[in-house]
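Residue numbers (the working numbering), protein chains in the order written: chain A, 1 to 189; chain B, 1001 to 1341.
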């Protein structure tokens, strides 16, 4: 294993714990360590460097979300897991482009369940983006400020010019109810 | 109300998760922007030197084993297909009265039928008003819209629509019909895009199943999806027909084309008919013949979209109720419109 930057070389467990905690340094180390593997895999199977970047980032999203919601079951090296997920995602892309994949450089483990969950989450997030879009202003920005940009109710009160924080809370509640209806009218499980 | 509060929590949780995804994506983009790409390329080059591990061959073999097995059996099938046709002919002529195909014939309202055919935008509304002339069941072969049902449901159809349990309606195109084995392969979303489903939870088992195997099916003997269970009672179908299993399961007109699954959630057959002279004697075409039908599809019928069956079964360890829940969205009602003769 080559070291791509200064600092201590973390173990798989340390990488996962750091990733879950949101550490920039750990994510950077993790990203650099295995990107070359995916870069090689994708570019030697009819993909571009940009494809490799997209696939790799998708792989890390899968890993991150599984680590943070406690559903990651790692029965192999982290490297093997990342490779297997990336391979599956890239195979799917290739199938959509009517091409077929040929060269493996690593051992592969089954990750179908992980990816089924991931696709379901993607579907849910697409629908959320779509519902927020349809919600219109100012509701959309208000909810995004609170839930995705983590502004405080006080910040939101000032930004939107509400008379007080209670008023802003009421608005937020109303917006949430509307979003709920939009979202669940499409999302049935 | 509790229901209300749960929904509130759900939407908040979904929003949080959504926000977290966006934040993480931004963090990734930042890390990527800080990369020394030259160093990454150089390191990627190291992988190029690595020799391929022996494990690779096995992986390849596992992935393609089923395909190879099916390919090997094609030659045999061609020889025997005339015999199958002959059997079919024999059965349909001598024993028709005892053997009943499980399609549901419905009196169609002639005048509204024409409207329906032109009505694309208000489709689900039109369908619920006009139930079509023949109804049956079918299920997805692939998450992107390949589908199987009984050939006797869709034969001589002017148009075919399928409706999911959630009420989504798609127009379907017949990709291949295999009259000898009473199977039809359809593609959903003939005129509008099929909304792909998450990966199919069941897999397909073409091996011969054991007598006494517990089995279940989902189908549409009426407008609602209906569950039925039973067991495999014979390795051959009506009058020793080797193409089908005999199943002790209660099915009704409308169940035709539905999946027959074993306890682990493998599709072992497709429901096709029942014997009218005794209760609970039903027949299902063996999955092996589905494989053969798929192999016989001319490449240009697929219009460049490969049809690869799911090989990973995610129902294996689930309790029955969960299996049913996960299967439901892959089993559709098939509605067929025909000209009055």
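The beta carbon of each residue, even a glycine, is placed where N, CA and C say it ideally should be.
Given the structure is predicted, the values throughout are model-derived calculations rather than measurements.
For residue i, list the residues DSSP reports as bridge partners.
i                       : result
residue 1259 of chain B : B:1270
residue 1176 of chain B : B:1185
residue 1283 of chain B : B:1246 and B:1273
residue 1214 of chain B : B:1231
residue 1219 of chain B : B:1226
residue 1030 of chain B : Paired residues: none, contrary to the question.
Would you kindly report the start and end of the unbroken beta strand (DSSP E) that includes residue i?
i                       : result
residue 1231 of chain B : 1226-1234
residue 140 of chain A  : Premise fails: residue 140 of chain A lies in the alpha helix (DSSP H), 139-143, not in any beta strand (DSSP E).
residue 125 of chain A  : Unbroken run through residue 125 of chain A is the alpha helix (DSSP H), 112-135; no beta strand (DSSP E).
residue 1140 of chain B : 1134-1140
residue 1337 of chain B : 1331-1337
residue 1163 of chain B : 1159-1163
Just confirm the distance between the C-beta atoms of residue i and residue j, as a whole number of angstroms; I'd bet it's less than 8 angstroms.
i                       : j                       : result
residue 1235 of chain B : residue 1208 of chain B : 6 angstroms
residue 1189 of chain B : residue 1145 of chain B : 5 angstroms
residue 108 of chain A  : residue 87 of chain A   : 6 angstroms
residue 78 of chain A   : residue 12 of chain A   : 4 angstroms
residue 1249 of chain B : residue 1215 of chain B : 7 angstroms
residue 38 of chain A   : residue 56 of chain A   : 4 angstroms
With distances taken between CB atoms, is the gap from residue i to residue j smaller than 9 angstroms?
i                       : j                       : result
residue 1258 of chain B : residue 1202 of chain B : no
residue 1256 of chain B : residue 1152 of chain B : yes
residue 27 of chain A   : residue 1211 of chain B : no
residue 1244 of chain B : residue 1274 of chain B : no
residue 135 of chain A  : residue 171 of chain A  : no
residue 63 of chain A   : residue 81 of chain A   : yes
residue 10 of chain A   : residue 29 of chain A   : yes
Using three-state DSSP, classify residue i as helix, strand or coil.
i                       : result
residue 31 of chain A   : helix
residue 1246 of chain B : strand
residue 193 of chain A  : Because chain A here runs from 1 to 189, residue 193 of chain A falls outside it and cannot be looked at.
residue 18 of chain A   : helix
residue 1265 of chain B : coil
residue 1149 of chain B : strand
residue 1170 of chain B : strand
residue 1011 of chain B : helix
residue 1022 of chain B : helix
residue 1109 of chain B : Residue confidence for residue 1109 of chain B is low, a pLDDT of 30 falling below 50, so the modelled location carries little weight; the figure read from the coordinates is stated next. Residue 1109 of chain B: coil per DSSP, three-state reduction.
residue 53 of chain A   : helix
residue 41 of chain A   : helix
residue 1202 of chain B : coil
residue 107 of chain A  : coil
residue 1124 of chain B : Residue placement at residue 1124 of chain B is poorly supported in this model, since its pLDDT is 36, which falls under 50; the coordinates are not used for a value here.
residue 1239 of chain B : helix
residue 59 of chain A   : helix
residue 1063 of chain B : In this prediction, residue 1063 of chain B scores a pLDDT of 36, lower than 50, which makes its location untrustworthy; no coordinate-derived value is stated.
residue 1154 of chain B : helix
residue 1195 of chain B : coil
residue 8 of chain A    : coil
residue 1035 of chain B : coil
residue 71 of chain A   : coil
Return the first residue and the last residue of the alpha helix (DSSP H) that residue i is part of.
i                       : result
residue 96 of chain A   : 78-96
residue 170 of chain A  : 165-186
residue 159 of chain A  : 153-160
residue 1322 of chain B : 1320-1328
Closer than 8 angstroms to a non-hydrogen atom of the ligand FMN - does that hold for the CB of residue i?
i                       : result
residue 1018 of chain B : Inclusion of the ligand FMN in the displayed structure is not the case, the ligand content being empty and no account of it being possible.
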